[in-house]
Structure formats: C-alpha cells, structure tokens
Amino acid sequence: MRFDTPATTNPIDQLKVVGKPVDRIDGPLKTTGTARYAYERQDVAPHAAYGYIVGADVAKGRIAAIDQARAKAAPGVLAIVTADNAGKLGKGSYNTARLLGGPNVEHYHQAIALVVAESFEQARAAAHLLKVQYTHADGVYDLADARAATDRKTIDRNSAIGDFPGAFAKSEVQLDATYSTPDHSHAMMEPFATTAAWSGDKLTIWTSNQMIEWNASELATTLGIGRDKVHVVSPYVGGGFGAKLFLRADALLAALGARAVKRPVKVAMQRPLMANNSTHRPATIQRIRLGATKAGKLTAIGHESWSGNLVGGKPENAVQQTLWLYAGENRLTGTRLATLDLPEGNAMRAPGEAPGLMALEIAMDELAEKLGMDPLELRVINDTQVDPAKPERKFSQRQLVECMRVGAERFGWAQRSTKPAQRREGRWWIGTGMAAAFRNNQVTKSGARVALDRQGLVTVETDMTDIGTGSYTIIAQTAAEMMGVPLERVVVRLGDSTFPVSAGSGGQWGANCSTAGVYAACVKLREAVAARVGVDVSGASFSDGLVTAGGRSVPLAGLAGDTPIVAEDTIEFAELNKRFQQSTFGAHFVEVAVDAYTAEVRVRRMLAVCASGRILNPKSARSQVIGAMTMGVGAALMEELAIDKRLGFFVNHDLAGYEVPVHADIPHQEVVFMDETDAISSPMKAKGVGELGICGVAAAVANAIYNATGVRVRDYPVTLDKLI
Ligand code: MOS
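When we follow full-length UniProt numbering, the leftmost residue of the sequence shown carries the number 1, and every step to the right adds one.
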C-alpha cells in the first residue's frame with residue numbers, strides 16, 4: 001500500500017480496541033519469567049558453550065602479541081577467537097569501529113578476543129590468563145581539546161536563512177551562551193546478548209536487537225556470507241535506547257565462536273565492557289545566540305553544535321529542533337565534528353533533539369529573563385505554523401502552544417515567581433521550570449503478514465521488535481480492530497527475519513509505522529475474506545467475529561480450511577512527507593526543591609503534555625513517556641560518562657558508577673495526551689511519542705533549579721558542586 005494522500009475514515013477510527021488502555025499481552029510472559037531472552041535459548045540451542053569477550057586495555061594502538069598458552073590450557077577452554085584466526089571479516093555500513101579489533105585497536109574495550117569454554121566461569125577464568133602486549137599510540141579524548149585543534153575538524157557545515165550575523169548584531173536584546181552536555185550511556189537492563197548456532201553454512205542467532213533486517217544484512221556482510229544464510233530471532237528485548245539498533249560484538253563473536261567450536265555458543269557482554277565497547281550518546285558543546293525585539297519576537301536564531309567521533313563517525317545532530325521549533329527570519333545552524341579517539345558516538349534515545357533541547361531550552365529561559373517575560377509566553381509568541389525554511393510547507397499537526405497552555409493550567413504555572421530564589425520551605429529552595437518538547441516524526445516502510453485460521457484466530461507476523469515499548473499489544477489492537485475480533489483472538493509474532501521486514505524500533509517511528517504495516521496487510525486480508533464469502537469488500541463490515549454484507553452475517557471462524565487465509569503487504573510512505581513537516585510536540589513542567597545548605601536537588605513534581613497524533617494505547621504510551629521523563633531527570637542531574645583523559649576511556653563503566661535515577665529520585669509524574677489525530681502520518685493517524693517524552697525534560701529541570709536558586713548552570717549534569 002502506498003500512503004500518498006491524507007488518511008480518510010477507515011476501520012481504525014471505530015476505536016473499539018485501538019486507543020484503549022489495555023494491558024500488555026506479553027506482560028504475563030515477562031513477569032513470570034517465561035519469555036525467553038537471547039541468552040536463555042537452551043530450548044532451541046541446547047548444550048551451548050559460553051563465550052567471554054576480551055576488550056582492549058588501550059584506547060589507541062596496536063596489539064604486538066597475544067600470549068594464549070596459559071588460557072588455551074585452562075580447564076574447559078574450547079577455542080579462542082581473535083582477528084588472527086577469525087578469517088576475513090567484511091565491514092558493515094552501520095558501525096564505525098570494527099566489532100573485532102586487532103592488530104589495530106581503535107578504542108578502549110574494543111573486542112579483541114572471545115574465549116569459548118564449557119562454562120561461563122571457565123571462559124572468564126581463561127580470559128584473564130590471556131597476555132596481551134600493545135604498542136600505545138597517543139589519542140585525543142576531550143571534546144574541548146579536539147575542538148580547539150586545527151587538525152581534527154572533519155565536518156564544518158552551516159545552514160543559513162536570511163542574514164543571521166547582521167540581524168543578531170542589530171537586535172535589541174541578545175543572548176550569547178555556550179552549553180555543554182556529557183557523554184551518556186544507554187545503560188539498558190538486558191546486556192548485549194546472543195546465542196548463535198550454525199547448521200551447515202546457515203547461521204541462526206537468537207539475539208537482542210531493535211532492527212532485525214539491518215542486523216541480518218550487517219551480519220551477512222561482516223561474515224562474508226549470503227543474506228539468505230542468516231536467520232535472526234529477537235522476540236524479546238530488555239531495553240535498547242538505540243544501543244541495539246546495530247549489529248554489535250556479542251552477535252558477531254557468538255557466530256564466530258560457534259563456527260570455531262562447531263556447536264552453539266552464547267555470549268552476553270559483561271556489564272563493565274558495555275560503556276566502552278559499544279556506542280554512546282556523544283558529548284556536545286553548543287553555542288546559542290538569540291536576538292529579539294524588546295517585545296520578545298525572535299529576529300535571529302543561531303545554534304552551533306560541536307561533537308566528536310572516531311574517524312568516519314557522524315556528528316550528533318543537536319541543532320535539529322532549532323530548524324523548526326521557533327519562528328525568526330534570520331537563522332544559522334552549524335554542525336561541527338572533530339575526531340576523537342573515544343569509543344564510537346551514535347544514536348541514543350532522541351538523538352539530536354534530546355541534547356539539542358538541553359541547551360536551546362535553557363537559552364530560551366535565559367532570554368525570557370533578559371526580556372522580563374514569562375518564559376512560556378516567550379515561546380508562545382515565537383510559535384510558527386510553517387517550516388521557517390519553506391513557508392509554503394505546513395506542519396501536519398502542531399499543538400505546541402496548546403500543550404503549553406494545558407500544561408500551565410494543570411501545573412499551576414501562574415503561581416510561579418518570575419524572579420528566582422523567592423520561595424523557601426524550611427531548608428529547601430523551591431522553583432518551577434518548563435521547556436518545550438519537539439521530536440520529528442519519521443515514517444519508513446513497514447510490512448506484515450496476517451492469517452485467518454479455521455478457528456477464526458488472526459495471526460500477525462512481522463519482524464518488528466518490542467523493546468519494552470508495547471509493540472505486541474498495539475499490533476494486536478490494530479489487527480483486532482481491522483478484523484473485528486476481540487483482542488484475545490489475535491496472536492502476534494515479532495522479531496524474526498523470516499517475517500516481513502518492518503520499520504523496526506528506532507527514532508520513535510516504530511509504533512506508527514509498524515501498525516500501519518499491519519493495517520495494510522489487514523486491508524488485504526479483509527479483501528481475501530470478502531472474496532471467500534462472495535461479497536464486495538467495500539460494503540462489508542467486520543465486527544464481533546462476523547463479516548456482514550448485504551444483510552448477511554458470516555462468522556470468520558470456519559471460513560478458512562486447513563490452510564489459513566493469508567495476506568501480506570508493506571506500507572510505503574511517499575509524497576506527503578515532502579509536502580508537510582511532520583513533528584511531535586509537547587511541554588514539560590517541573591518543580592524542584594534545592595537544599596539551601598548542601599545544594600542537593602530533589603525533583604518534586606513533573607508534568608508532560610504531548611501532542612503526537614492518535615495515541616494507540618494510552619497505558620503503554622504513558623509508560624513510554626514517564627520512562628523518558630525519568631531518563632530526562634538522569635540527564636539533568638546525574639548521568640555522565642566520566643573520561644580518563646590520559647588513557648582514553650569511560651571510567652564509570654558499570655551500573656554502580658554510571659548513575660541513573662532510582663525510584664526514590666522520581667516523584668509524582670503526570671502525562672497528558674492532547675486529543676489529536678494526524679491524517680498525514682499514516683492510516684493509523686498516530687505518531688511517535690517514546691522519544692518526545694525525553695526531549696526538553698533536562699532543560700525544564702535546569703530552569704526549575706535556576707528559578708529555585710538563581711544559579712544558572714550551563715554544563716550538564718547539574719550536580720551540587722556546580723550549585724554551591
Ligand atoms: Mo533510537 S536512539 O533511534 O533507538
């Protein structure tokens with residue numbers, strides 16, 4: 001199905017099942033421990049041997065020698081895989097650094113060996129007996145240093161509209177401030193994990209990955225085998241946040257290990273390796289210049305962002321939201337990249353907007369103060385209903401102002417003091433802050449297969465993943481609505497590369513696109529069912545397990561014989577995306593208390609108002625948003641990969657040292673969804689919301705801290721040493 005005209009009324013609009021806050025259909029499997037994750041596939045890969053990953057102890061250099069004698073002789077050891085004996089490995093297109101390093105080491109904890117043994121403990125013990133000698137090379141590990149060095153610039157790109165320098169110089173009120181955000185780790189609960197088994201020249205991996213087809217083709221390319229020889233299975237994923245978008249070392253090494261020992265091998269990356277071995281959200285330095293009239297109209301908006309990456313890596317696109325969030329005739333965005341020798345920077349929840357809004361939305365707060373304006377009103381008067389770069393291009397939906405108004409009312413924004421450090425309760429300074437939320441809504445093609453069996457059961461198969469987001473449930477709701485059956489009559493199978501290729505889980509496109517693919521397949525199944533009944537589908541209705549047409553009702557059960565009625569389709573998105581700017585909007589409100597003596601910050605209340613098209617399941621959508629708000633609190637107050645700038649690695653590379661919020665850090669959270677459908681986004685009229693939820697949160701916290709204390713911190717995380 002090509003989706004190239006705005007959606008009209010369709011069966012989803014009935015909202016008998018879609019739009020209801022139903023419980024997760026996979027919930028019981030997960031809460032009873034019966035859902036099998038990648039490392040637990042002894043049911044299909046019995047007698048698996050265990051792999052233990054060895055990471056490089058240097059950030060940059062060359063392996064001079066690996067003495068394997070003692071490790072090889074250790075009890076239970078079956079094989080040691082290194083670049084020397086792994087055969088020729090190809091280079092996929094998603095990863096910058098090689099997943100199996102050697103002899104050159106590109107970053108700290110790059111995998112350089114896999115020790116395979118009968119038990120995990122034996123593999124671990126033997127791994128510690130490997131003696132690796134390196135020749136060290138110097139590297140640069142600090143973004144500010146790399147940014148200052150002339151020989152490290154790789155991207156220096158501007159996009160300009162009007163005359164930014166002229167307009168900024170002439171503006172009545174100016175703000176010129178620089179903000180920094182640190183490196184962040186995904187820190188998902190389930191580590192990278194894979195069980196791999198070969199059958200002849202065919203490889204199956206049971207793994208934990210967000211994007212099945214990317215992973216399958218990347219694995220084939222890296223191993224130098226045909227795509228048709230690779231089967232990827234990833235039905236349950238214990239969190240990803242972008243870390244599991246791509247093929248990682250666990251999957252490649254498990255495949256190589258299994259080939260070496262001729263039996264299944266399983267590999268779970270050890271927690272202390274994860275931060276340096278894999279990708280992270282890269283640190284940024286962002287300079288923002290805002291020029292406005294005395295009345296608060298933005299006349300000049302300038303946002304430049306610097307980030308670092310390995311050679312060949314991409315920049316963090318932190319200026320993205322600045323292209324669309326506010327009106328203003330003279331604009332400049334700049335993206336600057338410098339080479340760094342740290343591990344690879346890549347996508348983490350709302351890449352671009354999440355760190356970009358951490359800076360931009362403090363800047364708006366600062367400008368409002370200079371203007372003597374309510375920061376919310378400053379945002380309202382600078383709203384735009386068109387793409388500032390192409391005024392003929394409207395937003396498909398844009399309720400930013402409405403989100404702020406509703407939020408202000410619900411939160412009690414009017415009670416706020418515009419002047420900082422005015423409200424004291426005992427030893428606590430109290431303050432409130434807000435920020436706008438913005439995240440683009442990407443659409444990408446997505447396929448599904450649906451089948452109706454003799455019992456009237458509807459089965460959906462798609463390689464879509466559920467990374468804890470609720471995909472199983474919203475896909476079941478979609479099929480139930482389309483086929484007119486209760487939710488219990490739908491079976492959903494996900495995360496298998498033998499199923500039709502879906503949009504996968506990334507960039508908050510998964511919910512809208514994957515359900516739209518299921519919609520398309522169900523449209524075909526309805527046609528096939530109508531044909532079987534002998535009626536015209538356009539006059540047929542599907543409800544209560546019956547297909548009704550021309551005064552006649554026929555049960556779905558019994559229509560199929562031994563062979564189910566099967567339909568498959570892929571939704572493809574075309575022109576609409578060019579004609580309209582598709583984004584999601586929101587507003588975050590936060591109240592904090594700051595200890596007057598220790599500067600400890602406690603978040604007291606949080607409210608998010610989101611406008612993101614139709615909400616397919618308010619319960620799972622709310623869970624996505626409160627999870628994202630929690631992650632935003634982490635970014636505001638504690639998350640930071642600390643760099644050893646001499647040796648070039650992230651020091652706090654485990655869950656003890658990398659702090660994320662715990663329950664006691666998170667207060668009352670409220671989420672409001674605006675009543676919205678977006679006919680431009682898909683036949684589902686839904687959009688993404690899981691990444692929108694984090695966008696702007698950290699700035700709202702920082703602004704609340706300023707309101708409480710009068711201390712403006714522009715360098716995240718806002719830890720107490722920066723407040724005192
Ligand atoms: Mo997301 S960072 O695209 O998984």
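Glycine included, C-beta positions come from ideal geometry on N, C-alpha and C.
- In this structure, L129 is the residue among L129, I225 and G102 with its C-alpha nearest to the C-alpha of D67.
- With at least 16 other beta carbons inside 10 angstroms of its own, R439 counts as buried.
- In the structure shown, Q397 falls within a coil segment according to DSSP collapsed to helix, strand and coil.
- A straight-line Cα-Cα distance of about 29 Å links P420 and V625.
- Contact between P500 and E527 is absent: CB atoms are separated by about 17 Å, not below the 8 Å threshold.
- In the three-state reduction of the DSSP assignment, F168 falls in the helix class.
- A Cβ-Cβ contact shorter than 8 Å links V671 with A608.
- When the alpha-carbon of S307 is set against those of H280, M674, G291 and T299, the nearest one is in H280.
- Along the stretch 522-600, the alpha helix (DSSP H) occurs as fully enclosed runs of 4 or more residues at 576-579, listed in sequence order.
- Around the CB of P555, fewer than 16 other CB atoms lie within 10 Å, so the residue is classed as exposed.
- Distance from the CA atom of Y658 to the CA atom of P272, rounded to whole angstroms, is 11 Å.
- Bridge partners of N330 according to DSSP: A300.
- Within its own chain, the residues whose Cβ lies closer than 7 Å to the Cβ of G76, once the five positions on either side in sequence are excluded, are A117, E118, S119 and Q122, listed in chain order.
- A heavy atom of ligand 1 is found nearer than 7 Å to the CB of G240.
- Y597 sits exposed, since fewer than 16 C-beta atoms from the chains shown fall within 10 Å of its C-beta.
- Between I212 and G504 the beta-carbon gap is near 6 Å, inside 8 Å, which marks them as a contact.
- At least one heavy atom of ligand 1 sits closer than 7 Å to the Cβ of A347.
- Beta-bridge partners of Y179 (DSSP): Q286.
- Scanning N158, I80, Y37 and S185 for the CA closest to the CA of A260 turns up I80.
- Taking 8 Å as the cut-off, the Cβ atoms of S171 and A292 count as close.
- As summarised for the stretch 407-480, the continuous beta strand (DSSP E) elements at least 3 residues long and confined to that stretch are 423-425, 428-440, 446-452 and 458-461, given in chain order.
- If you check the CB distance, G431 and T584 do not come in under 8 Å.
- Inter-residue distance for T221 and D4 is about 34 Å (C-alpha atoms, whole angstroms).
- With contacts defined by Cβ atoms closer than 8 Å, K370 and L247 do not form a contacting pair.
- Take D138, set aside five residues on each side of it, and no residue of its chain has a beta-carbon closer than 6 Å to its own.
- Of the residues assessed, Q42 falls on the exposed side of the cut-off, its CB having fewer than 16 other CB atoms within 10 angstroms.
- Taking 7 Å as the cut-off, the C-beta of L245 counts as close to a heavy atom of ligand 1.
- The residues A567 and D569, in chain order, have a CB closer than 6 Å to that of K524 in the same chain once the five nearest residues on each side in sequence are set aside.
- Residue pairing for E670: DSSP places it in a beta bridge opposite L607.
- Between T195 and the set V44, A704 and A436, the nearest pair of CA atoms involves V44.
- In the structure shown, V116 falls within a strand segment according to DSSP collapsed to helix, strand and coil.
- Counting only unbroken stretches of 4 or more residues, the alpha helix (DSSP H) elements lying wholly within the stretch 83-141 are 120-127, in sequence order.
- By the criterion of at least three beta-carbon pairs nearer than 8 Å, the stretch 96-105 is in contact with the stretch 50-67.
- Using a Cβ-Cβ distance cut-off of 8 Å, the stretch 384-402 and the stretch 307-317 are not in contact, since fewer than three pairs of beta carbons, one from each stretch, lie closer than that value.
- Put simply, the backbone Cα of A69 is about 11 Å away from that of A127.
- Distance from the C-beta of Q133 to the nearest heavy atom of ligand 1 is not below 7 Å.
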